[in-house]
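**Q** Let me give you the structure first, and then I'll get to my questions.
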Amino acid sequence: MPANSWLKKSLNKIILVFGYLTFILLFFLSLVFFQNYFRVKKIEIISQDKKPLITGVDNWKNMNLFLIKEEEINKQLVAKNSFLKSVQIIKKYPSTLILVPQYYQPIAQVKINSGFFYLGEDGRILAKSKDEKKIDYPVI
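Residue numbers for the sequence shown follow my numbering, beginning at 5 and rising by one.
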């Protein structure tokens with residue numbers, strides 16, 4: 005009998021320790037994922053070029069930094085902004101998302117009825133303008 009009671013006490017201690025560890029883990033996970041402390045409050049765009057605003061940046065505000073996937077942001081921003089090659093995403097804890105965009109460089113203007121298209125080095129249409137800009141791009 006004494007061996008059996010020792011086994012029960014050991015098992016009870018193991019269950020108690022496991023219960024405490026589970027509680028502590030759940031407590032910290034709830035702090036990380038459900039609190040506003042790690043929500044994106046500020047989005048910084050670091051660029052040497054003065055380019056137009058990046059469309060779709062505000063979609064990431066108020067999201068949890070731990071749940072944001074950099075590849076997903078890059079893919080969505082490049083799809084919405086034709087002048088972007090890629091965007092490097094840096095998470096600055098606790099609440100800042102830093103974007104470092106790389107832009108396509110226009111190499112030519114194409115004249116159309118309602119204005120001009122700016123073409124990138126790979127033939128991509130980067131932007132549309134109603135007026136010809138006084139820039140040294142060849143007009144096609």
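Note that beta-carbon positions come from the ideal geometry of N, C-alpha and C, so glycine has one too.
(1) Is the beta carbon of isoleucine 129 less than 8 Å from the beta carbon of leucine 123?
(2) Near proline 110, what residues of its chain come up, given a Cβ to Cβ distance below 7 Å and the 5 sequence neighbours on each side ignored?
(3) So for lysine 45, helix, strand or coil by DSSP?
(4) Taking the alpha helix (DSSP H) that leucine 71 belongs to, which residues open and close that run?
(5) Give me the Cα-Cα distance between threonine 26 and lysine 17, rounded to the nearest whole angstrom.
(6) Is phenylalanine 87 helix, strand or coil when you go by DSSP?
(7) Helix, strand or coil, according to DSSP, for glutamine 106 in the structure here?
(8) Can you check DSSP and say which residues form a bridge with leucine 123?
(9) Which residues share a DSSP beta bridge with threonine 100?
**A** Result, derived from the coordinates:
(1) yes
(2) Tyr122, Leu123, Gly124, Leu130 and Tyr141
(3) coil
(4) Premise fails: leucine 71 is in no alpha helix (DSSP H) and is neither H nor E.
(5) 14 Å
(6) Phenylalanine 87: coil per DSSP, three-state reduction.
(7) If DSSP states are grouped into helix, strand and coil, glutamine 106 belongs with the strands.
(8) Ala112 and Ile129
(9) Lys46 and Lys96
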